[in-house]
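Quick note, the sequences are listed as chains A and B, same order.
By the count of the working numbering, the first sequence reaches residue 182 at its end, each step adding exactly one.
By the count of the working numbering, the second sequence reaches residue 175 at its end, each step adding exactly one.
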Amino acid sequence: MTQQKADIQKQAMWWEALSAMIACLLIIYLIRDRFDATSGILPDMNLTQQLSIFFLSMLSPIFWVSLIAPISYVYVSIAALSVFRAIGKGDDFSPTLLKGLEKMGSNLLFGACGAIFLTPTLINWLSHKGGIKFESSTESFIILIVGGALYFISDIGKKMQNELESFV
Amino acid sequence: MLKQNNSKKIAKLFSKIATIIFIASIFFIIGAEINDFRHYDHFDQSNIIEVSSHYIIYIFGMWFLPDFWILRLPDLCYSASTLACAIYFRKIANGQEYSIETANCIRNIGVSLLSGALSDIFICPLIATIFLPLKSYTISFNAENLTYAIIGISLISIAFYYKILKSEVDSFV
Numbered sequence: 015m016t017q018q019k020a021d022i023q024k025q026a027m028w029w030e031a032l033s034a035m036i037a038c039l040l041i042i043y044l045i046r047d048r049f050d051a052t053s054g055i056l057p058d059m060n061l062t063q064q065l066s067i068f069f070l071s072m073l074s075p076i077f078w079v080s081l082i083a084p085i086s087y088v089y090v091s092i093a094a095l096s097v098f099r100a101i102g103k104g105d106d107f108s109p110t111l112l113k114g115l116e117k118m119g120s121n122l123l124f125g126a127c128g129a130i131f132l133t134p135t136l137i138n139w140l141s142h143k144g145g146i147k148f149e150s151s152t153e154s155f156i157i158l159i160v161g162g163a164l165y166f167i168s169d170i171g172k173k174m175q176n177e178l179e180s181f182v
Numbered sequence: 003m004l005k006q007n008n009s010k011k012i013a014k015l016f017s018k019i020a021t022i023i024f025i026a027s028i029f030f031i032i033g034a035e036i037n038d039f040r041h042y043d044h045f046d047q048s049n050i051i052e053v054s055s056h057y058i059i060y061i062f063g064m065w066f067l068p069d070f071w072i073l074r075l076p077d078l079c080y081s082a083s084t085l086a087c088a089i090y091f092r093k094i095a096n097g098q099e100y101s102i103e104t105a106n107c108i109r110n111i112g113v114s115l116l117s118g119a120l121s122d123i124f125i126c127p128l129i130a131t132i133f134l135p136l137k138s139y140t141i142s143f144n145a146e147n148l149t150y151a152i153i154g155i156s157l158i159s160i161a162f163y164y165k166i167l168k169s170e171v172d173s174f175v
């Protein structure tokens, strides 16, 4: 068991680096997607014009509303960083690890709710249409369920940690 | 921290939601060709028996193609993760919070998410290159499958730590 624990601590370093890379990639994707959404509005635009339209679109609240879910997912990978760092240090269910798990869970839940309900409804309201809108996709629901599972794991981890401390 | 009773109630609710999502996702995967079939207009649309019999033959015919299942491998893995989540929530609702089976459930969620992400990134493009007339092999990663991969890895490692902590608690008892 101790050998396995040492192995997983070594691997956690690589996973931490991987999750840092993924967090950076997600941020790059986020910017690229937003840029792609605005750059194709008019044909034959040069880079300066594309950039100016991109920055102008930032003035619209719809731009920021549509970022709710992707930003939550970026936070998930940032929270995963702290989880892997805690594992790498060898802290069994330390407060840092549990907080990281809780953050991962809550951000996944929030991101899924954002994708399913918040963003479509707010975009509807901002377009003066009113009402409540749901945009359901299997991926969003899976993320919602996995987020709930992570939240529960952190909760059980806290209880286990308390139990362990009461023994000590 | 959630109270014991509240957490059981919420877990029971989540278990039901996860089961519904699992069933719905399986229907989505199997019936993915329904929209394509609707575009076929060379059947007599007024004849319900003819249309439905052709429809059933079409769907079953698609199931026998290897690329139908291989290209749906990520979706199947993600669906398996929802089933694992449903089992996990049911175990919590039954009060088996600290059991080794719960740790195994967490590991199963992680493994299915990671395998779904890896098949989405590496295997599906490879199979598509072999079976479909595509010339080059491209690794297709996007924000979603990368997030799934990270969550999967973290869940597998958490399951391992869960087991270690459980054995420590047992040794005290």
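Glycine included, each C-beta is placed from N, C-alpha and C at the ideal position.
Quick caveat: nothing in here was measured; it's all calculated off a predicted structure.
Determine the DSSP secondary structure at residue i, reduced to helix, strand or coil.
i	result
B/R74	coil
A/L81	coil
A/N60	coil
B/K14	helix
B/M64	helix
A/M35	helix
A/E149	coil
B/H56	helix
A/G73	It should be noted that the sequence gives Leu, not Gly, for residue 73 of chain A. If DSSP states are grouped into helix, strand and coil, A/L73 belongs with coil.
B/E146	helix
A/F107	coil
B/S138	coil
B/Q98	coil
Pull up the distance between the alpha-carbon of residue i and that of residue j, whole angstroms please.
i	j	result
A/N138	A/G144	6 Å
B/H56	B/A130	27 Å
A/L39	A/I92	12 Å
A/I156	B/Y150	10 Å
A/S180	B/L167	14 Å
A/G122	A/A129	In the sequence on display, residue 122 of chain A carries Leu and not Gly. C-alpha separation (whole angstroms): 10 Å.
B/D77	A/S80	25 Å
A/W42	B/M64	Per the sequence shown, the amino acid found at residue 42 of chain A is Ile instead of Trp. Roughly 38 Å separates the two Cα atoms.
B/S142	B/S173	46 Å
A/A83	A/R46	16 Å
B/V171	A/K117	25 Å
A/L73	A/L136	16 Å
B/S27	B/W71	14 Å
B/N96	A/I76	44 Å
Considering only residues of the same chain and omitting the five flanking positions on each side of residue i, which have a CB-CB separation below 6 Å?
i	result
A/S53	Q64
B/R92	S17
B/R74	I31
B/A161	A105, I108 and R109
B/L157	I108, I111 and G112
Given that residue i touches chain A, what residues does it touch there, using C-beta distances under 7 Å?
i	result
B/T84	I156 and I159
B/Y80	I156
B/S114	Ordered by position in chain A, no residue passes the 7 Å Cβ test against B/S114, which lies about 10 Å from the chain.
Check the Cβ of residue i against every Cβ in chain A and list those closer than 9 Å, keeping chain order.
i	result
B/V171	M174, E177, L178 and F181
B/I132	In chain order: nothing, as chain A lies at least about 26 Å away.
B/L167	D106, F107, G171, M174, Q175 and L178
B/S159	I22, Q25, A26, W29, V97, F98 and I101
Quick one: residues in its chain with C-beta nearer than 7 Å to the C-beta of residue i, no 5 flanking neighbours on either side, listed in chain order?
i	result
B/I132	none
A/I167	L115
A/F148	I130, F131 and P134
A/G161	G119, L122, L123 and A126
B/I123	I141, S142, F143 and N147
Within the same chain, show all residues whose beta-carbon is closer than 8 Å to that of residue i, passing over the 5 residues directly before and after it, in chain order.
i	result
B/F24	S81, T84, L85 and A88
A/G26	In the sequence as presented, Gly is not what sits at residue 26 of chain A; that position holds Ala. The residues are F98, R99, I101 and G102.
Please compile the residues from chain B whose C-beta is within a distance smaller than 7 Å of the C-beta of residue i.
i	result
A/S33	I152
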